[in-house]
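Colleague: Residue numbers 4 to 311, in my numbering, belong to the letters of the sequence shown in order.
Each residue gets a CB set at the ideal place from its N, CA and C atoms; glycine is no exception.
Every value quoted in this text rests on a predicted model; they were computed, and no experiment measured them.
Structure below; questions to follow.
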Amino acid sequence: MRKWNWKLIAGLLLVFFFVVIAIIGPHVAPYEVNKQMDIKYIETENGEEMRAPPFPPSKEHLFGTDKWGYDILTLLLHGAKFTIFTVIIVALVRVMLGALLGILMALTKTNIQVPTKKIKMNVFSGFPIFIFIYFILIEININPILKPITLTLIVGSLLTLFGLPSVFFTVYGKTMEVKKSLYVVASQSIGGSKLHIAKKHILPSLRNHLVIIFVNEIIQVLHLIGQLGIFNLFVGGTILRLGGPQVYIPITKEWAGLIGQFRSFLYHSQWILLFPLLCFLVLLFSFYLISQGLSAQETIRKRRATYL
Numbered sequence: 004m005r006k007w008n009w010k011l012i013a014g015l016l017l018v019f020f021f022v023v024i025a026i027i028g029p030h031v032a033p034y035e036v037n038k039q040m041d042i043k044y045i046e047t048e049n050g051e052e053m054r055a056p057p058f059p060p061s062k063e064h065l066f067g068t069d070k071w072g073y074d075i076l077t078l079l080l081h082g083a084k085f086t087i088f089t090v091i092i093v094a095l096v097r098v099m100l101g102a103l104l105g106i107l108m109a110l111t112k113t114n115i116q117v118p119t120k121k122i123k124m125n126v127f128s129g130f131p132i133f134i135f136i137y138f139i140l141i142e143i144n145i146n147p148i149l150k151p152i153t154l155t156l157i158v159g160s161l162l163t164l165f166g167l168p169s170v171f172f173t174v175y176g177k178t179m180e181v182k183k184s185l186y187v188v189a190s191q192s193i194g195g196s197k198l199h200i201a202k203k204h205i206l207p208s209l210r211n212h213l214v215i216i217f218v219n220e221i222i223q224v225l226h227l228i229g230q231l232g233i234f235n236l237f238v239g240g241t242i243l244r245l246g247g248p249q250v251y252i253p254i255t256k257e258w259a260g261l262i263g264q265f266r267s268f269l270y271h272s273q274w275i276l277l278f279p280l281l282c283f284l285v286l287l288f289s290f291y292l293i294s295q296g297l298s299a300q301e302t303i304r305k306r307r308a309t310y311l
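Rendered as structure tokens:
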């Protein structure tokens, strides 16, 4: 009887939902992104009462509004594409470049000392990267003169650059293991070219590992932009408003930026922080489910290969 991989299925369905939201979000948003809700009057038992933002969740505003009157659901729908596509593209470029360099260096017999400690993607492994990126971006990301798309490309490039070494060493180590396999040695002995060995032996053997690495890289990038958001460096740029309490506003409305902007609402009007935080955590959890599902699938595959 076939056993369903529910973690993988649930994760894929959630990610598919988020990708669809990222594509159609701005078109289905209930309000314009710059639409502010004004003071309104509500009929109560005591007569007509005046209410001002922030408004709690209601039929008019499913996720409520922030204290400036912006609809939170609208902000999330407009920022989804910057959050989701940024992390996916950065992770994809990391894996493509890291895998290419790792396989190339392994096939050219370049002797590289691979760190003995297993490279594992988690929140702590991203912390040093965050420090470097923070000090690079601090001068150009706040009240920027560059366009949001340009700043997004800069942030994406930095996230890609600082994440390459871990992917490179992982793929390099895996490739060196595959090179010791009998079928690779046999192919080399009969004159198989490096390109032939890479296409016919290395890539098929690494395919499942590369998919797992890709998903883990997405998780790490989400951790990194979350850390940057807490310190007011948002993907696409940060607007700093002075003349009173300092307010940091994400230009692109990306989700980590909204969390950073609304983090002061932890103890009052909690819905303002709750919904962006919930969306970000569910997105992170969906990729975590995929990672767990793929790892379980790979474990089963290895067991079957051992019996064969």
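Taking residue 13 as the reference, which of 288, 304 and 306 has the closest Cα?
Modeller: For residue 13, the nearest C-alpha among the options comes from 288.
Colleague: Can you list the beta strand (DSSP E) stretches of 3 or more residues lying completely in the region 17-92, in chain order?
Modeller: Fully enclosed beta strand (DSSP E) runs of 3 or longer: 43-47 and 50-54.
Colleague: For the candidate residues 71, 148 and 83, whose alpha-carbon lies nearest to that of residue 31?
Modeller: The residue with the shortest Cα to Cα distance from residue 31 is 83.
Colleague: By how many angstroms is the C-alpha of residue 230 removed from the C-alpha of residue 134?
Modeller: Between residue 134 and residue 230, the C-alpha separation is close to 10 Å.
Colleague: For residue 61, I'd like the list of residues in its chain whose CB is within less than 8 Å of its CB, leaving aside the five on either flank, ordered along the chain.
Modeller: Within the same chain, residue 61 has close Cβ partners 67.
Colleague: In chain order, what residues of the same chain lie with their CB nearer than 6 Å to the CB of residue 232, ignoring the 5 residues before and after it?
Modeller: Once the five neighbours on either side are set aside, the close Cβ partners of residue 232 are 259, 260, 262 and 263.
Colleague: What does the alpha-carbon distance come out to for the pair residue 142 and residue 105?
Modeller: Cα to Cα, the separation comes out at about 34 Å.
Colleague: Would you call the region 207-221 and the region 294-303 touching, i.e. three or more CB-CB distances under 8 Å?
Modeller: Output reads yes: the region 294-303 touches the region 207-221.
Colleague: Tell me the DSSP bridge mates of residue 244?
Modeller: Bridge partners of residue 244: 250.
Colleague: From residue 22 to residue 192, what distance separates their C-alpha atoms?
Modeller: Straight-line Cα distance between these residues: approximately 47 Å.
Colleague: When the Cβ atoms of the region 94-111 are set against those of the region 201-209, are three or more pairs found closer than 8 Å?
Modeller: Taking 8 Å as the limit for Cβ pairs, the verdict is that the region 201-209 does touch the region 94-111.
Colleague: In this structure, how does DSSP classify residue 304 when only helix, strand and coil are distinguished?
Modeller: Helix, per DSSP.
Colleague: On the criterion of 16 or more Cβ atoms from any shown chain inside 10 Å, does residue 102 qualify as buried, or is it exposed?
Modeller: With 16 or more other Cβ atoms within 10 Å, it is buried.
Colleague: Using a Cβ-Cβ cutoff of less than 8 Å, which residues in the same chain neighbour residue 301 once the five nearest sequence positions on both sides are dropped?
Modeller: Closer than 8 Å at Cβ, skipping near neighbours: 211, 212 and 215.
Colleague: In the DSSP assignment, the alpha helix (DSSP H) including residue 161 goes from what residue to what residue?
Modeller: Residues 151-182.
Colleague: Pick out the complete alpha helix (DSSP H) segments inside the region 259-294, 4 residues or longer, and give them in chain order.
Modeller: Listed in chain order, nothing qualifies, since the region 259-294 has no complete alpha helix (DSSP H) run of 4 or more residues.
Colleague: Verify whether the separation of the beta carbon atoms of residue 166 and residue 223 is less than 9 Å.
Modeller: In this structure, residue 223 lies closer than 9 Å to residue 166 by Cβ.
Colleague: Got a sec: does the ligand HEM put a non-hydrogen atom nearer than 8 Å to the Cβ of residue 240?
Modeller: What this structure holds is no ligand at all, so the ligand HEM is not there to describe.
Colleague: Does residue 148 come out as helix, strand or coil in the three-state DSSP assignment?
Modeller: Correct three-state label for residue 148: coil.
Colleague: With DSSP as the reference, label residue 211 as helix, strand or coil.
Modeller: Here residue 211 sits in helix by DSSP.
Colleague: CB-CB under 8 Å to residue 26, same chain, minus the five flanking residues each way: which ones, in chain order?
Modeller: 84, listed in sequence order.
Colleague: Spatial neighbours of residue 251 within its chain, please: C-beta separation below 7 Å, excluding the five flanking residues on both sides.
Modeller: 235, 241, 243, 263 and 264.
Colleague: Output the boundary residues of the alpha helix (DSSP H) element that contains residue 198.
Modeller: Looking at the DSSP string, the run of the alpha helix (DSSP H) that includes residue 198 is 197-200.
Colleague: Suppose you measure from the CA of residue 90 to the CA of residue 174; what does that come to, to the nearest Å?
Modeller: Computed Cα separation, rounded: 20 Å.
Colleague: CA-CA distance, residue 81 and residue 37?
Modeller: Looking at the two C-alpha atoms, the distance is approximately 11 Å.
Colleague: Can you tell which of 8, 9 and 20 has its C-alpha closest to the C-alpha of residue 285?
Modeller: Residue 20 is the option with its Cα nearest to residue 285.
Colleague: Do the CB positions of residue 268 and residue 276 come within less than 9 Å of each other?
Modeller: Yes, they are a contact pair.
Colleague: Determine whether the beta carbon atoms of residue 98 and residue 170 lie at a separation below 9 Å.
Modeller: Contact: yes.
Colleague: Under the rule that 16 or more other beta-carbon atoms within 10 Å means buried, what is residue 63, buried or exposed?
Modeller: Exposed, since its Cβ has fewer than 16 Cβ neighbours within 10 Å.
Colleague: Give the straight-line distance between the Cα atoms of residue 255 and residue 179, rounded to the nearest whole angstrom.
Modeller: The straight-line gap from Cα to Cα measures roughly 43 Å.
Colleague: Alpha carbon to alpha carbon, what distance is there between residue 266 and residue 184?
Modeller: So the alpha carbons of these two residues sit roughly 53 Å apart.
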